[in-house]
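First the structure, in the form of structure tokens, and then the observations on it.
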Amino acid sequence: MISFTQIETALGSIVQSNNDISKSIGWSAEEIENKTGIKQRYLADVDETAEMLAEQAVSKFEIASLKDVDLIISVSNTQSIDFPNISNRIHSFLGLSENVQCFGINHGCSGFVDAILLTYSLFDSNFSKKALIITSDTYQKFINKDNRSIKTIFSDGASATLLTKDLETGWCLKNKVVNSQLNSQTFLERKLTNKDSEISMNGPQVLLFSINTVAKNLISICPQDREFILFPHQAGKIVIESLKKKLPSSAIILENYQEYGNLVSTSIPKLMEDNFNDYPENELMILSGFGVGLSHTSILLEKNKSL
Amino acid sequence: MKNEQLIREILELKQDLEIHEDDEIEEYGFDSLASINLITYISENSDAEIDPEDIESFKTIRDLDNFISSKLN
Chain A
20 MISFTQIETA
30 LGSIVQSNND
40 ISKSIGWSAE
50 EIENKTGIKQ
60 RYLADVDETA
70 EMLAEQAVSK
80 FEIASLKDVD
90 LIISVSNTQS
100 IDFPNISNRI
110 HSFLGLSENV
120 QCFGINHGCS
130 GFVDAILLTY
140 SLFDSNFSKK
150 ALIITSDTYQ
160 KFINKDNRSI
170 KTIFSDGASA
180 TLLTKDLETG
190 WCLKNKVVNS
200 QLNSQTFLER
210 KLTNKDSEIS
220 MNGPQVLLFS
230 INTVAKNLIS
240 ICPQDREFIL
250 FPHQAGKIVI
260 ESLKKKLPSS
270 AIILENYQEY
280 GNLVSTSIPK
290 LMEDNFNDYP
300 ENELMILSGF
310 GVGLSHTSIL
320 LEKNKSL
Chain B
780 MKNEQLIREI
790 LELKQDLEIH
800 EDDEIEEYGF
810 DSLASINLIT
820 YISENSDAEI
830 DPEDIESFKT
840 IRDLDNFISS
850 KLN
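Chains as they are written, first to last, in our numbering: chain A, 20 to 326; chain B, 780 to 852.
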């Protein structure tokens, strides 16, 4: 069982309004908001890297609370350094013990949930008791300025989530559902061999995956007769509105894409940071990540009530 | 053409531009953004599911018109 002990985030330092990009995109600010639902985005500055944003997020912790961390997992598609991964950098940044296990996952919007699943396994097998999950992405650095279908959606940011093994009041993993769609790996990708290593996205296919495959499979683990909180990846207005139509009325579906856009791997931790403590009586929740792959991982968690 | 006004909105065409059923949709700038407009409209206005292959299957304005009718009816 896992306690979400603390979640901290750091966003790109440039706040970009719809007015700021209206001219280059060719839509009015109002049109951008009507189409995407997004009011503003956060962009990393030219010299602000995924690694630096991760350090900013971790810096918000009291260092003493991290000293007995024994596992660091980082999630990123857009490290500025191919290897080693961000977990190693954060390990040194914090000056932790040399017995800490550090590894990284090259993954996008599903990555945070996959990292939590891995943490459950390592906690259950007694190989770890306290884990730090780092997410960090700077997609906006790799989007062509004329690509209006994705320029309007993504934000840059990082998160650090402290997970503690907690057999008394932690969250039990009750169910999971995963999908890896065949022959869809090119629908959202960044080829390092391309000039400027730009991100390309087949918007219609990614959208259909989200509103068809993800919704259909997510429903399979939704409690029908008990209220639960859903922390979905903030893919955008169309996807969130589609989930509202398709999921059972027992779902309280949280959203913040209007304020932050799509933060990729940091999307769900940012949503949890903003909302998790507003539902102290909450006993059931689903974390649902989907995107690059194309992939989908959702987990149903239930608060332990043994005490 | 049953869905002319909707097709104009999906393709973001000016009102005074004539459209013809037998013309290819590429001539009117049908691209990924138009596909997203189409998916969004159908998603918001019906419970019909769109097959990923459907979205790349129509060639002419008539195909698009028939596709929209099949999903909305």
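The beta-carbon is built from N, C-alpha and C at its ideal position, and this holds for glycine as well.
This one's a predicted model, so the numbers in the text were calculated from it and none came from an experiment.
Distance check between A/K289 and each of A/T188, A/D156, A/D244 places A/D156 closest, using alpha-carbon atoms only. Within 8 Å of the CB of B/L812, the CB atoms of chain A belong to R167, S168, G222, in sequence order along the chain.
Within the segment 226-251 of chain A, those residues whose Cβ lies closer than 7 Å to any Cβ of chain B are, in chain order, L226, L227, I230, N231. Per DSSP, reduced to three states, the secondary structure at A/M220 is strand.
Among the residues of chain A, those whose CB is under 7 Å from the CB of B/E828 are N231, following chain order. With 16 or more other Cβ atoms inside 10 Å of its own Cβ, A/E74 counts as buried. In the DSSP secondary-structure assignment, A/V65 is not bridged to any residue.
Straight across, the Cα-Cα distance linking B/L843 with B/E783 is about 10 Å.
In terms of beta-carbon proximity, B/I821 stays away from the interface with chain A, with every pair separated by 7 Å or more.
Checking the DSSP bridge columns, you'll see A/Q120 partnered with A/L90. By the C-beta density criterion, A/S93 is buried, having at least 16 other C-beta atoms within 10 angstroms.
Given a length threshold of 4 residues, each whole run of the alpha helix (DSSP H) inside the segment 161-221 of chain A is given here in chain order: 167-170. By the neighbour-count criterion, in which 16 or more other beta carbons inside 10 Å mark a residue as buried, A/R60 falls on the buried side. Proximity of B/I834 to chain A, defined by a Cβ-Cβ separation below 7 Å, is satisfied.
Looking at the DSSP output, A/I152 bridges to A/I92, A/T180. In the structure shown, A/Q25 falls within a strand segment according to DSSP collapsed to helix, strand and coil. Contacts with chain B at 7 Å (Cβ-Cβ) do not include A/S78.
Across the structure, A/S78 and A/N166 are spaced so that their CA atoms are roughly 34 Å apart. Take the alpha-carbon of A/A179 and the one of A/T138: they are about 14 Å apart. Assignment of A/T157 by DSSP, reduced to helix, strand and coil, places it in the coil class. Taking each of A/E292, A/E27, A/N53 in turn and checking the Cα distance to A/Q277, the smallest one comes out for A/N53. Taking each of A/L90, A/L113, A/T55, A/K58 in turn and checking the Cα distance to A/E81, the smallest one comes out for A/L113.
By the CB criterion at 7 Å, B/S811 and A/S168 fall inside the cutoff.
Annotation for A/E70: Q98, S99, I100, I105, R108, S155 place their beta carbon closer than 8 Å to its own, counting only its chain and skipping 5 residues before and after. Taken atom to atom, the span from the alpha-carbon of B/H799 to that of B/S849 is near 20 Å. For A/G310, no alpha helix (DSSP H) run applies; the uninterrupted beta strand (DSSP E) run containing it begins and ends at 303-310, by DSSP. If you ignore the 5 residues before and after A/I259, its C-beta comes within less than 6 Å of the C-beta of E274, all in its own chain and listed in chain order. In this structure, DSSP gives A/F295 a helical state, which the three-state scheme calls helix.
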